[in-house]
Amino acid sequence: GAGVSQSPSNKVTEKGKDVELRCDPISGHTALYWYRQSLGQGLEFLIYFQGNSAPDKSGLPSDRFSAERTGGSVSTLTIQRTQQEDSAVYLCASSASPNSGRWNEQFFGPGTRLTVL
Amino acid sequence: AQSVTQPDIHITVSEGASLELRCNYSYGATPYLFWYVQSPGQGLQLLLKYFSGDTLVQGIKGFEAEFKRSQSSFNLRKPSVHWSDAAEYFCAVRRGFGNEKLTFGTGTRLTIIP
Chain S
14 GAGVSQSPSN
24 KVTEKGKDVE
34 LRCDPISGHT
44 ALYWYRQSLG
54 QGLEFLIYFQ
64 GNSAPDKSGL
74 PSDRFSAERT
84 GGSVSTLTIQ
94 RTQQEDSAVY
104 LCASSASPNS
114 GRWNEQFFGP
124 GTRLTVL
Chain L
-3 AQSVTQPDIH
7 ITVSEGASLE
17 LRCNYSYGAT
27 PYLFWYVQSP
37 GQGLQLLLKY
47 FSGDTLVQGI
57 KGFEAEFKRS
67 QSSFNLRKPS
77 VHWSDAAEYF
87 CAVRRGFGNE
97 KLTFGTGTRL
107 TIIP
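Just so you know, the protein sequences line up as chains S and L, in that order. What the first sequence shows, in the numbering used here, is residues 14 to 130, in sequence order. What the second sequence shows, in the numbering used here, is residues -3 to 110, in sequence order.
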C-alpha cells in the first residue's frame, strides 16, 4: 500500500484480556516505531525496530507490553492482561533506511484506538 | 533528555487571521525539530522540519516556522488560516539525523471560527 496501515482501527476489550495490534509499514522501510497517544500522557514513544531487532525499547511502560517484527516488515504490539490505563490510541510509524541518504521522515499510520473496559 | 513544551493547549482564531503556535524545547545539542498536524481521526502528517542552516523554514499548506536558538523556540506561523487548518498541532524534537525516536510536546488544538 501507499502508506502505513494499522489494524484493527478500533479495539474494545475487557480488563485482563490480551490484545494484539498490527502495523504494516511502507514497503521497503527498514525502521518501525510504536507510539501511544493518551489524554493524560500525550504522545509517547514505546519501541523502535531496525529490521527485526529493537535497539530501543525504553518506552514500553511495563512487562505486559511486548512487540515483535518479522521479515523486516509487519510488526505486532501485544498487551497482556490489559488495564484501563492502557486505553489509548496506538500509532505506528515507519521510515527509510539510515543509509538511504535521506533524512528519515517518519510516516505515521492512522492508529488503533484501544478501549479497555 | 530532550523535552518539548507547547504552552497553549487550545487556540481559537478567526478564518483569515494570522496564527502563531508556540514551541519551546530543551536539548543540550543542536536539535532536529519538527511540526506535525493531526486532523480528527487521522494519523500525524509532517508540516515542516529544521535541521540546520536557514532558521526560517517553509512547510506544506502555507506554514512556516522559525528556529531561535537563543530562545530555544521553534514557533509555527501562518499568515492567513483557513477553516481546513482546524486540527491538533504537535511540535517534536529528535536527537539525531538517523532513526531516532521523536519526543513530542503535548499539542495545541486549533479551532477556526468563521
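Where a beta carbon is used, it is the ideal one built from N, C-alpha and C, also for glycine.
Identify each residue in the segment 38 to 50 of chain L for which the Cβ-Cβ distance to at least one residue of chain S is less than 8 Å, and report them in chain order.
Answer in chain order: 38, 39, 40, 41, 42, 45, 47.
Answer with buried or exposed for residue 130 of chain S, where buried requires no fewer than 16 other C-beta atoms within 10 angstroms of its C-beta.
With fewer than 16 Cβ atoms within 10 Å of its Cβ, residue 130 of chain S is classed as exposed.
Can you give me the start and stop residues for the beta strand (DSSP E) that residue 99 of chain L sits inside?
Looking at the DSSP string, the run of the beta strand (DSSP E) that includes residue 99 of chain L is 98 to 100.
So residue 127 of chain S and residue 100 of chain S are in contact, right, with Cβ under 8 Å, and what is the actual spacing, rounded?
The pair is a contact, with the Cβ atoms about 6 Å apart (cut-off 8 Å).
Can you check whether the C-beta of residue 100 of chain L is within less than 7 Å of a C-beta belonging to chain S?
So yes, residue 100 of chain L belongs to the interface.
Thinking C-alpha only, which one of S/62, S/102, S/23, S/18 is nearest residue 83 of chain S?
The candidate whose alpha carbon is nearest that of residue 83 of chain S is S/62.
Touching or not, the segment 19 to 35 of chain S and the segment 66 to 76 of chain L, by the rule of three or more beta carbon pairs under 8 Å?
Short answer: they don't touch.
Taking its Cβ as the centre, do 16 or more other Cβ atoms sit within 10 Å of residue 10 of chain S, making it buried, or is it exposed?
Because chain S spans 14 through 130 in this model, residue 10 of chain S falls outside it and cannot be assessed.
In angstroms, rounded to a whole number, what distance separates the CA positions of residue 26 of chain S and residue 33 of chain S?
Distance between the alpha carbons of residue 26 of chain S and residue 33 of chain S is about 11 Å.
Might you give, ordered along the chain, the residues of its own chain that have their beta carbon closer than 8 Å to the beta carbon of residue 13 of chain L, omitting 5 neighbours on each side?
Cβ within range, chain order: 76, 77.
Checking contacts by CB at 7 Å: is residue 121 of chain S closer than that to chain L?
For residue 121 of chain S, the answer is yes, since a Cβ of chain L falls inside 7 Å of its Cβ.
Identify whether residue 11 of chain L lies in helix, strand or coil by the three-state DSSP scheme.
Residue 11 of chain L falls in the coil class under three-state DSSP.
Less than 7 Å between the C-beta atoms of residue 104 of chain L and residue 2 of chain L, yes or no?
Closer than 7 Å, so yes.
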